[in-house]
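Chemist: Here the protein sequences line up with chains A and B, keeping their order.
FYI, in my numbering the residues of the first sequence are 814 to 939.
FYI, in my numbering the residues of the second sequence are 814 to 939.
Protein chains: 2
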Amino acid sequence: MKYSKQREIILETLQKNAMHPTADMVYSILHVQYPNISLATVYRNLNQLTQTGVIRKLDGLDGSARFDHNTHKHHHFICAKCHRVYDVPYEVVPELATQAAAQTGLAVESCDIIFRGCCPDCLVKN
Amino acid sequence: MKYSKQREIILETLQKNAMHPTADMVYSILHVQYPNISLATVYRNLNQLTQTGVIRKLDGLDGSARFDHNTHKHHHFICAKCHRVYDVPYEVVPELATQAAAQTGLAVESCDIIFRGCCPDCLVKN
DNA sequence: ATCAAAATCAATAATGATTATCGTTATTAT
DNA sequence: ATAATAACGATAATCATTATTGATTTTGAT
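#1: Counting only beta-carbon atoms, is A/T835 nearer than 8 Å to chain B?
#2: Under 8 Å, Cβ to Cβ, is there at least one residue of chain B near A/T917?
#3: Counting only Cβ pairs nearer than 7 Å, list the residues of chain A close to B/Y899.
#4: Between B/D822 and B/L843, what straight-line distance do the alpha-carbon atoms span, to the nearest angstrom?
#5: Quick check on B/L909 - is its C-beta less than 8 Å from some C-beta in chain A?
#6: Looking at the C-beta of B/L936, does it have a partner C-beta in chain A at a distance below 8 Å?
#7: Find the residues of chain B that neighbour A/D872, judging by a C-beta separation of less than 7 Å, and give them in chain order.
#8: Going by other Cβ atoms of all chains shown within 10 Å of its Cβ, with 16 needed for buried, is A/N858 buried or exposed?
#9: If you follow the beta strand (DSSP E) that A/V937 is in, where does it begin and where does it stop?
#10: Can you tell which of B/L852, B/C932, B/A913, B/A893 has the C-alpha that lies nearest to the C-alpha of B/D925?
#11: Give me the chain B residues within the contact set of A/G930, using Cβ-Cβ distance strictly less than 7 Å, ordered along the chain.
#12: Output the distance between the C-alpha atoms of A/V898 and B/E904, rounded to the nearest integer angstrom.
#13: Between the Cα of B/E933 and those of A/L919, A/C932, A/L852, spot the shortest distance and give me the residue it belongs to.
Here it is in structure tokens:
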């Protein structure tokens, strides 16, 4: 993989904005400082970074995919009202994959957990 | 909600085909016997059935949403090779939502778990 | 059984997210 | 410095899904 300035600033954006932005959000943020960057470039590089394991792609949270610079094992919580995504530390959840594998006989390799509810911020506001 | 023949056969299709079909698959199956049914009708009714709790919509498994006639609490396993979806009984997984709520302080209301790996069928074939 | 109101339908246009294409530009190994 | 190639920007294309519209069914009251 060849170096590119664009990939670098896309990764930086993800690291600075830990709020699990969508591709479009990353584009919007970058577009301010770099008006020439293309949305296609953002998608292209987010996918590449995902494939090489530098970042993580989160599907099924919302309408569109979100991207996470934190590649350590952890899970997610999404607020039904504001749609903000929160991290749920891995330790909170037991070794589900291996447990489920043992009990079902399926060759489970991983598992994704999405918790849903109302976030503290939205609870206060209502 | 008013009765409609179309909604009835869409629900029947889901009950007969427990393989978690996509809207498009439901349409393809029905189109053989009912060439006049519209894809939009399938989407509309699958959404209605989901909203009234008759069926369940599964997001984040694959590219497109899948539908499940089984509304009992359970989780899912998707094979990385053939993309078939298997049910994982609820009992296999402990009371995650309440546990996670207690440990994170978030108002967790529910959680979806997707297990990933290779299904028995594909294991044999390789 | 009849008729109007409400819901649903089929067909299709529109939308939103994402990917593919293509001619140009930047990076890297020689 | 050059040639090979990977990446870029712009935009067209694709895919899944939703909205629109005018016609048809279903329902409930007469």
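Note that CB positions come from ideal geometry on N, CA and C, so glycine has one too.
Because the structure is a prediction, the values reported are computed rather than measured.
Modeler: To lay it out plainly:
#1: The count along the first sequence starts at 1 and reaches residue 835 of chain A at position 22. No - not a single Cβ of chain B is within 8 Å of the one on A/T835.
#2: Here residue 917 of chain A corresponds to residue number 104 of the first sequence, with the count starting at 1. Chain B contact via Cβ: present.
#3: One-based indexing of the second sequence puts residue 899 of chain B at position 86. Ordered by position in chain A, the residues that pass the 7 Å Cβ test against B/Y899 are L919.
#4: Translated into positions along the second sequence, residue 822 of chain B becomes position 9. Translated into positions along the second sequence, residue 843 of chain B becomes position 30. First, the amino acid is wrong: residue 822 of chain B is Ile here, not Asp. Rounded to whole angstroms, B/I822 to B/L843 spans 8 Å at the Cα level.
#5: As a first step, residue 909 of chain B must be located in the second sequence, where it is residue number 96. Yes, B/L909 lies at the interface with chain A (some Cβ there is under 8 Å from its Cβ).
#6: Taking the second sequence and counting its residues from 1, one reaches residue 936 of chain B at position 123. It does; some Cβ of chain A falls within 8 Å.
#7: If you number the first sequence from 1, residue 872 of chain A lands on position 59. Under the 7 Å cutoff, chain B gives G873.
#8: Taking the first sequence and counting its residues from 1, the one referred to as residue 858 of chain A is at position 45. Under a 10 Å Cβ-count criterion, A/N858 is classified as buried, with 16 or more other Cβ atoms of the shown protein chains found around its own Cβ.
#9: The residue you call residue 937 of chain A lines up with position 124 of the first sequence. Where A/V937 is concerned, there is no enclosing beta strand (DSSP E), although the alpha helix (DSSP H) it sits in stretches over 933–937.
#10: By one-based count along the second sequence, residue 925 of chain B stands at place 112. Considering only alpha carbons, the answer is B/A913.
#11: Residue 930 of chain A sits at position 117 when you count from the first residue of the first sequence. By Cβ distance, chain B contributes L919, A920, V921, E922.
#12: As a first step, residue 898 of chain A is located in the first sequence; it is residue number 85 there, counting from the start. As a first step, residue 904 of chain B is located in the second sequence; it is residue number 91 there, counting from the start. For the pair A/V898 and B/E904, the Cα-to-Cα distance works out to about 27 Å.
#13: Position 120 of the second sequence holds residue 933 of chain B. The sequence shown places Pro at residue 933 of chain B, not Glu. For the residues A/L919, A/C932, A/L852, the minimum Cα distance to B/P933 belongs to A/L919.
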